[in-house]
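To start, the structure itself, in structure tokens.
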Amino acid sequence: MDLRGKKILLTGAVGGLGWDSALEFVRAGGRVFALDIHLDKGKLLEEQAAKLGAGSLVYVNQDLGDQDGLRRTLHSIVQREGEI
177 MDLRGKKILL
187 TGAVGGLGWD
197 SALEFVRAGG
207 RVFALDIHLD
217 KGKLLEEQAA
227 KLGAGSLVYV
237 NQDLGDQDGL
247 RRTLHSIVQR
257 EGEI
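With the sequence shown counted from 1, adding 176 to any position gets you the working numbering.
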């Protein structure tokens, strides 16, 4: 899988499947925006992803149940990064 130049928005990023997916996307060269509510685990995920070197990962502490907050977060990412 080659994700160089691709941007990925991943929710539930620090759970088992989310965690593994996030790291695999980074290994494949993607730029991952990892959303989850668990700050400590999110920071660990960022640290692990940074060691992989191929792509990049930005952890975003976001409660998916907060619809207004989620809209603001998504708007901010798109404003900063362009299309996702």
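Virtual Cβ for every residue (Gly too), placed ideally from N, Cα, C. The structure presented is a predicted model; accordingly, all values stated were derived computationally and were not measured.
Its chain contains Leu-199 as the residues whose beta carbon lies nearer than 8 Å to that of Gln-224, once the 5 sequence neighbours on both sides are disregarded; these appear in chain order. The alpha-carbon of Arg-203 is positioned some 24 Å away from that of Leu-250. Annotation note: the stretch 194-242 contains the following uninterrupted beta strand (DSSP E) runs of length 3 or greater, listed N- to C-terminal: 207-212, 232-237.
According to the DSSP assignment, Ile-260 belongs to no beta strand (DSSP E), since it is labelled neither H nor E. Here Leu-246 has Gln-238, Leu-240 as same chain residues with Cβ atoms under 7 Å from its own Cβ, once five neighbours each way along the sequence are excluded. For Leu-179, there is no enclosing beta strand (DSSP E), since its DSSP letter is neither H nor E.
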